[in-house]
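K.L.:
Sequence positions in the sequence shown follow this note's numbering and run 54 to 214. No residue lacks a Cβ here, since even glycine has one placed at the ideal position from N, Cα and C.
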Amino acid sequence: MSELIRRVRPGDEPELTAMIHELAEFEHAASECTVTENQLRRALFAGPAVLHGHLIEVDGYAAASALWFRNFSTWDGVAGIHLEDLFVRPQFRRRGLGRKLLAALARECVEQGYSRLSWAVLDWNVNAIALYEAVGGKQQTEWITYRVSGPELSALAAESP
């Protein structure tokens with residue numbers, strides 16, 4: 054069985070889009086996932102990329118992916134990586150692919166001089182939580198994540214300056 058871990062490249066959009074939709078299904082949020090191949094193509098490859106990714110192929114088949122973007126810590130003045138999606142297709146789980154993707158992102162951080170690798174996980178995803186704790190991830194219990202989207206985002210944007 055051959056295994057290849059690599060950066061995503063043009064032409065990967067169909068598999069990546071499928072994997073994002075599979076992840077949304079796994080997270081019980083399929084109806085909220087509307088991303089298209091064209092949107093991914095633009096985010097990954099048009100102009101300055103706003104999204105980056107790694108892919109693991111097993112015998113030429115897209116088995117796992119990590120999609121991420123750069124962030125910045127104003128406290129230490131150094132960039133970092135925020136892992137947006139880590140997905141391993143069901144038939145490839147429990148083989149260490151998730152850990153290999155996390156290691157690839159850690160190498161990216163170290164090579165670029167970034168200070169951190171961060172992510173969020175659903176509280177019911179005990180397998181992912183176990184992996185994240187096994188690689189040294191620490192839960193940030195003092196922080197609560199907020200989001201404004203949809204009509205609330207539009208309403209906030211419409212407020213007077």
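Please return the same chain residues whose Cβ sits closer than 6 Å to the Cβ of I109, not counting the five positions on each side in sequence.
P.N.:
Here the set comprises I58, A116, A117, L150.
K.L.:
If distances are taken between C-alpha atoms only, which option among R200, A119, L170, F125 comes closest to K153?
P.N.:
Cα-wise, what sits closest to K153 is A119.
K.L.:
So what does DSSP say about H81, is it helix, strand or coil?
P.N.:
Note: H81 maps to coil in three-state DSSP.
K.L.:
Can you look up N91 in the DSSP assignment and give me helix, strand or coil?
P.N.:
The answer is helix: DSSP assigns N91 an H, G or I state.
K.L.:
Tell me the rounded alpha-carbon separation between T273 and A96.
P.N.:
Shown here, the chain extends from 54 to 214; a query on residue 273 therefore has no answer.
K.L.:
With DSSP collapsed to three states, give me the class of Y185.
P.N.:
In the structure shown, Y185 sits in a helix (DSSP, three-state: H, G or I).
K.L.:
So the candidates are Y114, F79, A132; which of them puts its Cα closest to the Cα of F122?
P.N.:
Taking only the C-alpha atoms, the option nearest F122 is A132.
K.L.:
Do L206 and Y185 have their C-beta atoms within less than 9 Å of each other?
P.N.:
Result no, Cβ atoms of L206 and Y185 do not sit closer than 9 Å.
K.L.:
Given this structure, state the Cα-to-Cα distance separating H107 from T87, to the nearest angstrom.
P.N.:
Taking the straight line from one Cα to the other gives about 21 Å.
K.L.:
So, with DSSP's three-state summary, where would you put I134?
P.N.:
If DSSP states are grouped into helix, strand and coil, I134 belongs with the strands.
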